[in-house]
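Below: one structure, written as structure tokens.
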Amino acid sequence: MGFLSDNMDQAFGAYEKGLDKMDYNPESREVGRVISVARGVAQVEGLKSVRSEELLTLGNGVQGMALDLLPDSIGVALLGRSADLSAGDEAIPSGTVLSVPVGEALIGRVVDPLGNPLDDGPMLDTNQTRPIECEAPPILMRAPVDTPMASGLKVVDTLIPIGRGQRELILGDRQTGKTAVALDIILNQKKGDVVCVYCAIGQRSTSVARVISALRKHGAMAYTFVVVVEGDAPSGMQYIAPYAATSMAEYFMEQGRDVLIVYDDLTRHAQAYRQLSLLMRRPPGREAFPGDIFYIHSRLLERSTRLSPKHGGGTLTALPIVETEAQNISAYIPTNLISITDGQIYLSPVLFQKGLLPAVDVGKSVSRVGGRAQPVAYRKVSGDLRLTYSQFQELEAFARFGTRLDKDTRKRLDHGVRVRELLKQDRFSPLSAAEQLVILWAASLGLLDEVPLDKIGDIQDFILADARDNFADFERLPKADSNDKIWEDLKLNIKKCIDLWGVSDASS
Ligand SMILES: Nc1ncnc2c1ncn2[C@@H]1O[C@H](COP(=O)(O)OP(=O)(O)O)[C@@H](O)[C@H]1O
Ligand SMILES: [Mg+2]
Numbered sequence: 001m002g003f004l005s006d007n008m009d010q011a012f013g014a015y016e017k018g019l020d021k022m023d024y025n026p027e028s029r030e031v032g033r034v035i036s037v038a039r040g041v042a043q044v045e046g047l048k049s050v051r052s053e054e055l056l057t058l059g060n061g062v063q064g065m066a067l068d069l070l071p072d073s074i075g076v077a078l079l080g081r082s083a084d085l086s087a088g089d090e091a092i093p094s095g096t097v098l099s100v101p102v103g104e105a106l107i108g109r110v111v112d113p114l115g116n117p118l119d120d121g122p123m124l125d126t127n128q129t130r131p132i133e134c135e136a137p138p139i140l141m142r143a144p145v146d147t148p149m150a151s152g153l154k155v156v157d158t159l160i161p162i163g164r165g166q167r168e169l170i171l172g173d174r175q176t177g178k179t180a181v182a183l184d185i186i187l188n189q190k191k192g193d194v195v196c197v198y199c200a201i202g203q204r205s206t207s208v209a210r211v212i213s214a215l216r217k218h219g220a221m222a223y224t225f226v227v228v229v230e231g232d233a234p235s236g237m238q239y240i241a242p243y244a245a246t247s248m249a250e251y252f253m254e255q256g257r258d259v260l261i262v263y264d265d266l267t268r269h270a271q272a273y274r275q276l277s278l279l280m281r282r283p284p285g286r287e288a289f290p291g292d293i294f295y296i297h298s299r300l301l302e303r304s305t306r307l308s309p310k311h312g313g314g315t316l317t318a319l320p321i322v323e324t325e326a327q328n329i330s331a332y333i334p335t336n337l338i339s340i341t342d343g344q345i346y347l348s349p350v351l352f353q354k355g356l357l358p359a360v361d362v363g364k365s366v367s368r369v370g371g372r373a374q375p376v377a378y379r380k381v382s383g384d385l386r387l388t389y390s391q392f393q394e395l396e397a398f399a400r401f402g403t404r405l406d407k408d409t410r411k412r413l414d415h416g417v418r419v420r421e422l423l424k425q426d427r428f429s430p431l432s433a434a435e436q437l438v439i440l441w442a443a444s445l446g447l448l449d450e451v452p453l454d455k456i457g458d459i460q461d462f463i464l465a466d467a468r469d470n471f472a473d474f475e476r477l478p479k480a481d482s483n484d485k486i487w488e489d490l491k492l493n494i495k496k497c498i499d500l501w502g503v504s505d506a507s508s
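FYI, our numbering numbers position 307 of the sequence shown as 307, with every residue one higher than the one before it.
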């Protein structure tokens, strides 16, 4: 007997040890089956507990995101090549929503929406991730916009000022300089503390390469990273790109930093989402877009904000870009975005053709919150400029009929033309607030109205160089209020310059 019980004890001992070693994780893994695959979308059956936006692995490792949860099947947006996939393949849910790597390691890098490097650099050195869709900060965590996001462009900083935490739409037909404006605003952050993100959606690779090389050449990659999904990538990748880029940007905002993000452009993003929705057989609405197209963009742009000081005081400023067709700003996607954002910069192909660059149409552009953030000194010049400019546009249209003009009208036309000439600005040549104010003060005083139009650029450079070197209070200018004596001093300085220049120009 003793022998038997000894053996039994041994046997039980071994059994218990075995139990200890066993992995007690009785969670059953659902496995679904692909029913059909079509151009970047797969229908999958047999998955009951999958959540919206959950990551799945299909077939031999193609990743996808659950987008459309129906009673009998789910629609999955593929993030890889659908050629590798066929009906009958397995679909394994991951149990987690799609997340992207975030962290300091992003700065200076070019990545795809999943954080995979597209430059020649190594994998991102970070162990932090963030879901691609995060809830926007609630109202109580937010603070009003009160700090300028200097664009370096005279026409924007004066007439359509942008504040940190604002959402300003850039819209216009193709080839009107939308990307150029956004890029100039990024380059202007060089001397500051702003982290910049350029998110390219659905563009040709040559266009993206041009932007990246400009960022490199002008030293902007020291504080910028680029998220790229090209036009030939699966629609699912194009759809997730702006959300993923925003999650990467939010990481920096939550560190209390100021962040600027450019989405170039949301027209392509909307088209990718339309394609996904049509393939998933969702009912199409206006312009064949699905009913929730407004929601996908408002959800994205709600995430841009200024956090209250208690929550670190970080900001996320968004510059979404939208392409219009034949100047139709009342098409579906542009109107949606106009109503979601805090203002828009409209670029006109007519101004572009006339060489009035940047081709900002001041009459159709507005900034609804940036005025509060504008440095006080701009008030001295902006009100007057806006008024003379809009009057001038009407007069100019009228004067084209060849009517005989009285002296006063002639004078106002001469002034308007010069103001417009002074608002022109080359690419890659941002101006500081002090520099802008010198030029704008000269413009609003009409000091240059006698100068021939083709000399405006030269005299502008001359006045600027002189102000930088000889005007003692130059740096203080952006902080000056309207009653400051500085304005009189500056006026004398500019007049002196014009006289000097007249002499040197006549002698040359
Ligand atoms: N301020 C400017 N001065 C000179 N050229 C410009 C300016 N803005 C844009 N361009 C030129 O116009 C072309 C179209 O600009 P781009 O920004 O690519 O337009 P969009 O993004 O609206 O299609 C580019 O070749 C660009 O170099
Ligand atoms: Mg562009």
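Think of the CB as a built atom: it goes at the ideal place given N, C-alpha and C, for glycine as much as any other residue.
Assumed close pair residue 223, residue 300 - CB separation to whole angstroms, cut-off 8 Å:
Incorrect: roughly 23 Å between the Cβ atoms, too far for contact.
Kindly indicate which three-state DSSP category residue 499 falls into: helix, strand or coil?
helix
Residue 48 to residue 230, Cα distance in whole Å?
33 Å
Could you tell me the boundaries of the beta strand (DSSP E) in which residue 469 lies?
Segment 456-470 is the alpha helix (DSSP H) holding residue 469; no beta strand (DSSP E) there.
Are residue 52 and residue 247 close, meaning C-beta to C-beta below 9 Å?
no
Based on Cα-Cα distance, which residue from 211, 322, 309 lies nearest to residue 167?
322
Taking the alpha carbon of residue 77 as the point to measure from, which residue in 108, 36, 498 has its own alpha carbon closest?
36
Return the first residue and the last residue of the alpha helix (DSSP H) that residue 123 is part of.
First-last for residue 123: undefined, no H or E at that position.
Can you grab the Cα-Cα spacing for the pair residue 54 / residue 468, in whole Å?
57 Å
For a test of your reading of the model: does the CB of residue 261 fall under 8 Å from any non-hydrogen atom of ligand 2? Yes or no.
no
Am I right that residue 478 and residue 437 are in contact with their C-beta atoms under 8 Å? What's the rounded C-beta distance?
6 Å
Does DSSP put residue 412 in a helix, a strand or coil?
helix
Distance between residue 225 and residue 46 (C-alpha atoms, nearest Å)
40 Å
To the nearest angstrom, report how far apart residue 261 and residue 353 are at their CA atoms.
28 Å
Measure the alpha-carbon distance for residue 385 versus residue 42 and round it to whole angstroms.
56 Å
Using the DSSP secondary-structure output, state which residues sit across from residue 225 in a beta bridge.
197
To which residues does DSSP link residue 97 through a beta bridge?
54
Residue burial classification, residue 199 (beta-carbon count within 10 angstroms, cutoff 16):
buried
Cβ pair residue 178, residue 337 closer than 9 Å
no
In terms of residue numbering, what span does the alpha helix (DSSP H) encompassing residue 396 cover?
379-399
With respect to 8 Å, is the separation between the Cβ of residue 205 and the closest non-hydrogen atom of ligand 2 below this value?
no
Suppose contacts are defined by Cβ-Cβ distances below 9 Å. Is residue 471 in contact with residue 484 by that definition?
no
How would you label residue 295, buried or exposed, when you count the other beta carbons within 10 angstroms and need 16 or more for buried?
exposed
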